[in-house]
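The next block holds one structure in the form of structure tokens; read it before the comments.
Protein chains: 2
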Amino acid sequence: MTTEVPHHPVRSDARDNRARILEAARAVFGEEGLGAPMREVARRAGVGPATLYRHFPAKRDLLAETFAEQRRACRTAVRDALADPDPWHGFRTVIERICELHAHSAGFADAFMTAFPEAMDFTADRERTLRAVAELARRARETGRLRPDFVVDDLVLVLMAHRGLQDTPREARVAASRRYAAYVVEAFRATPAPEAATPLPPAPRLST
Amino acid sequence: MTTEVPHHPVRSDARDNRARILEAARAVFGEEGLGAPMREVARRAGVGPATLYRHFPAKRDLLAETFAEQRRACRTAVRDALADPDPWHGFRTVIERICELHAHSAGFADAFMTAFPEAMDFTADRERTLRAVAELARRARETGRLRPDFVVDDLVLVLMAHRGLQDTPREARVAASRRYAAYVVEAFRATPAPEAATPLPPAPRLST
DNA sequence: GGTCGATCGGACGGGGGTGTCCGTTACGTT
DNA sequence: AACGTAACGGACACCCCCGTCCGATCGACC
């Protein structure tokens, strides 16, 4: 990651506009999802379309920058979970935190789970998260609190599904997400008599 | 429901085209969701756009006709569930059947759960389903197999979420839906020690 | 086989989206 | 205060979508 030294110092209005664009983008894409028009971002930032496109040549460039913060939060969540002395507690916490992250930003949820526009590599973050969860699951399974037939793709499954909550009324969204996450944790919890329970249908391959 | 007697008998090509359009619409909207273009339906049916629009003046008219079959299947599912002597079995069966219905037709899932275009009243079907499930839940709760804190909006919650699975790879979709449904059932199942469990976050109001 | 008219389908208008061009503005410097 | 240049933004070209119009076509009946 080499930092390019600008030949001419950055002008103050350009710097301000870039910040306002990013702020607007977080709001717009967070509320309306990836489908929100670029003009809407420009309008809310109080700039013209051309200005927006000069700072970010294509929509995917803006998106990548816009969700940098959420990406960091995601990394932090899995790191914290891995450091948790109670693997099951770490496991359920990471689910709750990722769901909350996705609930507060519809756009990030889509970007994180679906490889939407080519070469917007949230895939790397997702893979890292998945590997961490796999390790977490291994430990949590050993404690007997996580059901034995859990596989990592099940997290992809419930997170893909979580995206469907984006179309719930805005005021109910975070509450819906929280209750959903709680149900997911209940579903993943080991049953007292594992042998007696009917086996789950086979898990489809969802992760790359 | 008055049946209009046509002044002139329906021409055979018109009747054939109508059938082919409906078949194409089921395929296209089923695979690609409500967002699929009308032209795509016309192309697959082997007719021109104008022909399509003469048979169905607006997109919502086509959609209403297209999913009539799924609507019937939905009604049948709840009727069967209500007739099941084991309420818990009926409850989990209706969840599985609705999920399967939604998995096989992305468009129906969207149409059924979201009041997308005005005046495409799948709302009536949804409300009927919800009332039936409420009754089913009441009975299932009495048997002690359904968790006591379940509310009808929780079904809306998991069904809204289920729509997120539409963006999974096509070949994995029905398997994903089946496993998802199984997890949902696990989540709704009563825990052996209801008092010891941590309470669920409050349920948001999702149904109309 | 001929005629009538309903049906067909290519071409059209309107709306909204992304990304670009160029005359104008205003920041930073001297 | 004046100037050079980077940054600004309105207008534009292009594409895809829905829904409509009109001349050509083909089925039904005689």
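Chains Y and S are the protein sequences, given in the same order.
If you're matching positions, the first sequence starts at 1 in UniProt numbering and goes up one per residue.
If you're matching positions, the second sequence starts at 1 in UniProt numbering and goes up one per residue.
Glycine included, each C-beta is placed from N, C-alpha and C at the ideal position.
If you count every other CB in all the chains shown that lies within 10 Å of the CB of residue 46 (chain Y), and 16 or more means buried, which is it?
-> exposed
Report the residues of the region 79-100 of chain S with a CB closer than 7 Å to any CB of chain Y, ordered along the chain.
-> So nothing in the stretch comes that close.
Own chain partners of residue 130 (chain Y) with C-beta closer than 8 Å, once the 5 adjacent residues on each side are dropped | 152, 155, 156, 207
Run down chain Y in chain order and give the residues with a C-beta less than 9 Å from the C-beta of residue 284 (chain S).
-> The structure shown does not extend to residue 284 (chain S), since chain S spans only 1 to 208, so no value can be given for it.
Can you pull the chain Y residues whose beta carbon is under 8 Å from the beta carbon of residue 162 (chain S), in chain order?
-> 161, 164
Might you give, ordered along the chain, the residues of its own chain that have their beta carbon closer than 7 Å to the beta carbon of residue 143 (chain Y), omitting 5 neighbours on each side?
-> 87, 88
Return helix, strand or coil for residue 147 (chain Y), following the three-state DSSP convention.
-> coil
Does DSSP classify residue 189 (chain Y) as helix, strand or coil?
-> strand
Which residues in the same chain have their Cβ closer than 7 Å to the Cβ of residue 203 (chain Y), if we skip the five residues on either side of it in sequence?
-> 151, 153, 154
7 Å Cβ shell around residue 21 (chain Y) - same chain, five flanking residues per side excluded | 41, 45, 47, 52, 55
Can you give the beta carbon distance from residue 103 (chain S) to residue 174 (chain S), rounded, assuming they're within the 8 Å contact cut?
-> 5 Å
Among the residues of its own chain, which have a CB less than 6 Å from the CB of residue 122 (chain Y), if the five just before and after it don't count?
-> 111, 112
Beta carbon proximity, residue 34 (chain Y) to chain S, threshold 8 Å | Using a CB distance cut-off of 8 Å, residue 34 (chain Y) does not count as an interface residue toward chain S.
At least three beta-carbon pairs within less than 8 Å, the region 159-170 of chain S to the region 134-142 of chain S = no
Roughly how many whole angstroms lie between the Cα atoms of residue 172 (chain S) and residue 198 (chain Y)?
-> Residue 172 (chain S) and residue 198 (chain Y) have their alpha carbons spaced roughly 22 Å apart.
Going by C-alpha distance, which of Y:176, Y:36, Y:191 is nearest residue 62 (chain Y)?
-> Y:36
Run down chain S in chain order and give the residues with a C-beta less than 7 Å from the C-beta of residue 121 (chain Y).
-> Within chain S, no residue comes near residue 121 (chain Y); the closest Cβ sits about 18 Å away, beyond 7 Å.
Length at least 4, wholly inside the UniProt domain "HTH tetR-type" (15-74) of chain Y: the alpha helix (DSSP H) runs in chain order = 38-45, 49-55, 59-66
In chain S, what lies closer than 8 Å to residue 187 (chain Y) by C-beta?
-> 183, 184, 186, 187, listed in chain order.
Would you kindly check if the distance between the Cβ of residue 84 (chain S) and the Cβ of residue 76 (chain S) is under 8 Å?
-> no
Any beta-carbon of chain S closer than 8 Å to the one on residue 205 (chain Y)?
-> Yes, contact with chain S.
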